[in-house]
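**Q**
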Amino acid sequence: MLSKALELRFGKKCPKDYSHLQLKARRQRPNETLRKLATDVETLSHIAFFDSPNEVRETLPIQYFIDGVRYRNSTSSTNGVIKRLDAGLVCAMKFEVSEQGTKRYRHATRGSTFNISRILPL
Numbered sequence: 001m002l003s004k005a006l007e008l009r010f011g012k013k014c015p016k017d018y019s020h021l022q023l024k025a026r027r028q029r030p031n032e033t034l035r036k037l038a039t040d041v042e043t044l045s046h047i048a049f050f051d052s053p054n055e056v057r058e059t060l061p062i063q064y065f066i067d068g069v070r071y072r073n074s075t076s077s078t079n080g081v082i083k084r085l086d087a088g089l090v091c092a093m094k095f096e097v098s099e100q101g102t103k104r105y106r107h108a109t110r111g112s113t114f115n116i117s118r119i120l121p122l
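Heads up: the sequence shown begins at 1 in the UniProt record's numbering, then just goes up one per residue.
1. Taking contact to mean 3 or more Cβ pairs, one atom from each stretch, closer than 8 Å, check whether the stretch 41-52 and the stretch 18-26 are in contact.
2. Pop quiz: Arg57 and Gln28 are said to be a contact at Cβ under 8 Å. What is the actual Cβ separation, rounded to whole angstroms?
3. Give the range of the alpha helix (DSSP H) segment to which Phe65 is assigned.
4. Hey, out of Ile82, Glu55, Pro30, Asn54, whose CA is closest to Phe65's CA?
5. When you measure from the CB of Lys16 to every non-hydrogen atom of the ligand HEM, does any distance come out below 7 Å?
6. Leaving aside the five residues before and after Met93 along the sequence, list all residues of the same chain whose C-beta is less than 6 Å from its C-beta, in chain order.
7. So, Pro61 versus Leu37, is the Cβ gap smaller than 8 Å?
8. DSSP three-state call for Ile82: helix, strand or coil?
9. Exposed or buried, Val41, counting other C-beta atoms within 10 Å across all chains shown (16 or more means buried)?
10. Below 7 Å CB to CB, which residues in the same chain sit around Thr59 once its five sequence neighbours on both sides are set aside?
11. Compute the Euclidean distance between the alpha carbons of Phe95 and Asn31, then round it to the nearest angstrom.
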């Protein structure tokens with residue numbers, strides 16, 4: 001809504017501000033891959049921070065990527081540890097794979113019953 005108002009008022013004259021707003025609002029869509037999210041965040045951050053020093057351009061996108069990832073539990077432990085977007089992407093992809101494996105395991109064992117006396121003899 002705010003981005004539409006800025007675009008209506010200024011047109012495409014301020015791509016830096018417009019990209020910064022898009023970057024803040026960018027979230028992973030339901031069927032979107034982490035790689036696509038990382039690519040979009042990287043593109044938007046290059047436009048939004050083109051006049052910033054190199055160090056800033058390398059460290060800021062990771063925070064926007066972490067904020068945009070769908071699995072919030074995966075990102076709470078990575079805040080401050082990961083400094084580059086490519087490392088954040090790898091970490092998030094590993095977490096996503098482990099989450100998918102856990103869901104499959106839970107689904108496979110949901111209807112099963114276990115006889116605890118067979119496992120732990122008393």
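All residues carry an ideal CB built from backbone N, CA and C; glycine is no exception.
**A** In short:
1. Touching, per the Cβ criterion.
2. At roughly 22 Å, the Cβ-Cβ gap does not stay under 8 Å, so Arg57 and Gln28 are not in contact.
3. Per DSSP, Phe65 is one residue of the alpha helix (DSSP H) stretching across 54-68.
4. Measuring from the Cα of Phe65, the nearest candidate turns out to be Ile82.
5. The ligand content of the structure shown is nil, which means the ligand HEM is not present either.
6. Cβ within range, chain order: Leu34.
7. Contact flag unset, no.
8. DSSP, reduced to helix, strand and coil, places Ile82 outside both helices and strands of the structure shown, so it counts as coil.
9. That one is buried.
10. Apart from the 5 residues on each side of it in sequence, Thr59 sits with its Cβ closer than 7 Å to the Cβ of Lys83 in its chain, given in chain order.
11. Going by the C-alpha atoms only, they are around 16 Å apart.
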